[in-house]
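Worksheet: one structure, shown below.
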Amino acid sequence: MNQRSLIDRKAGSRLPPDFFRRDVLLVAPELLGKILVVRSAAEIPERFMINETEAYRGVEDKACHASKGRTERTDVMFRTGGRIYVYLIYGMHWMLNFVTGPANEPQAVLIRGVEGYNGPGRVSKVLGIDKSFYGEDLNISERIWIEDNGDKVSVKTGKRIGIDYAGEKWVNKPWRFFL
DNA sequence: TCATTGATTTCA
DNA sequence: GAAATCAATGAT
């Protein structure tokens, strides 16, 4: 029971802190094929391979929440990469993001899909992600982290989804990455 | 294609 | 304070 991952992915090694401190446009595609590990209380870790991400980059990216300035909600994006940014959209869906880049350079990767569960709302639902994960440090957390098990994948790119309000310049950026 | 749903942000 | 907004999903 509670083994919701379709494939029993083998354990890998946790990604080093430096992985998340690089530019989001490097981190987002490289997260594909990596293993998202979640451990709820007193259960064995569940492993899901990441198969779709989107990059949100800096205050100049109108699709990035941080473009509106540093607020209580977006604060974690201005911190050093490696933490989790979660927020509620449409009153019902938690979005799971990983903060990347150096401090004071707000960037984040939205996890749009893991194997078997495409769509960012479904990802957080099956993983049990909610506001309690806001600011969680992927480098030290005991309930969520990312592993590299050495699998190689081929990456495709496309336009980001659901950001028409950001204007054509940003809508057309090929900042969605998938397998 | 449309209803759902509530935190965050914006406008007074 | 109140009103509008919104990186989506699932049912119809």
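Quick note: the first sequence uses the working numbering, first residue 5, plus one each step. No residue lacks a Cβ here, since even glycine has one placed at the ideal position from N, Cα and C.
For the pair of segments examined, the segment 149 to 168 was found to touch the segment 41 to 53: the number of CB pairs separated by less than 8 Å reaches three. Bounds of the beta strand (DSSP E) holding Phe102 are 97 to 104.
Between Ala170 and Val113, the beta carbon gap of about 17 Å keeps them out of contact (Cβ cut-off 8 Å).
Rounded to the nearest whole angstrom, the C-alpha separation of Pro106 and Thr161 is 24 Å. A buried status is given to Thr57, since no fewer than 16 other beta-carbon atoms sit within 10 Å of its beta-carbon.
For Gly125, the three-state secondary structure derived from DSSP is helix. The C-alpha of Lys177 is placed about 13 Å away from the C-alpha of Cys68.
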